[in-house]
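Chemist: Okay, so the sequence shown: first residue is 1429 according to this note's numbering, each after it adds one.
For every residue, glycine included, the Cβ atom is placed at its ideal position computed from N, Cα and C.
I'd like to ask you about the structure that follows.
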Amino acid sequence: MSDFVSVAKVGDIPDGEARTFPVNGRMVAVFNSDGELHAINDTCPHMGASLATGHVEDGAVTCPWHAWRYCIKNGTWLDNPNPKLATDSYELRVEGDDVQVLVPDPPPRSATPESSE
Ligand code: FES
């Protein structure tokens, strides 16, 4: 069962920047925007660039490869409202000096039909 995981200390991520952390099998980008911390999946759904290396402005990150923009609060693709094109966002909390994120376990693989032979 997934639980919150400490990934950094408060102050480790400069304002306007992001850092990536492996959590529960995924790469998570934690952004600091004007002192607010947010966590989304680091992998751009388009072709896999690291969103943490993109430019952050006004609550959005611009992918460094093809300039698609995502909301750093909820992962919405800001250039297209189709929810299937969003990236995942994760719960984040600060416990004492620790920045913690919660990345849910991946859904179980669907059972494959067994052969009748
Ligand atoms: S890889 Fe991010 S916009 Fe293309």
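Counting only beta-carbon atoms, is residue 1503 nearer than 9 Å to chain D?
Modeler: In the structure shown, chain D cannot be found, because there is only a single protein chain.
Chemist: Please report the distance separating the alpha-carbon of residue 1440 from that of residue 1536.
Modeler: Counting from one through the sequence shown, the residue named residue 1440 turns up at place 12. Counting from one through the sequence shown, the residue named residue 1536 turns up at place 108. Taking the straight line from one Cα to the other gives about 34 Å.
Chemist: Should residue 1487 be counted as a contact of ligand 1 given a C-beta to heavy atom distance under 8 Å?
Modeler: In the sequence shown, the residue the question calls residue 1487 occupies position 59. Flag unset: Cβ of residue 1487 not near ligand 1.
Chemist: Taking the continuous beta strand (DSSP E) assigned at residue 1437, which residues delimit it?
Modeler: The residue labelled residue 1437 in the question sits at position 9 within the sequence shown. Counting along the chain, the beta strand (DSSP E) containing residue 1437 begins and ends at 1433-1437.
Chemist: Which residues mark the beginning and the end of the beta strand (DSSP E) in which residue 1460 is found?
Modeler: Locating residue 1460 in the sequence shown gives position 32, counting from the first residue. Taken as a continuous stretch (DSSP letters only), the beta strand (DSSP E) holding residue 1460 covers 1454-1461.
Chemist: Taking only heavy atoms of ligand 1 into account, decide whether any of them is closer than 8 Å to the Cβ of residue 1475.
Modeler: The residue labelled residue 1475 in the question sits at position 47 within the sequence shown. Yes, Cβ of residue 1475 sits closer than 8 Å to a heavy atom of ligand 1.
Chemist: Can you name the start and end residues of the beta strand (DSSP E) that residue 1550 belongs to?
Modeler: In the structure displayed, the chain extends from 1429 to 1545; residue 1550 sits before or after that span and is not available.
Chemist: Across which residues does DSSP place residue 1469 in a beta bridge pair?
Modeler: One-based indexing of the sequence shown puts residue 1469 at position 41. Its beta-bridge partners are 1456.
Chemist: Give every residue of the same chain whose Cβ lies closer than 7 Å to the Cβ of residue 1481, excluding the five residues on either side of it in the sequence, and list them in chain order.
Modeler: Indexing the sequence shown from 1 puts residue 1481 at position 53. Answer for residue 1481: 1492, listed in chain order.
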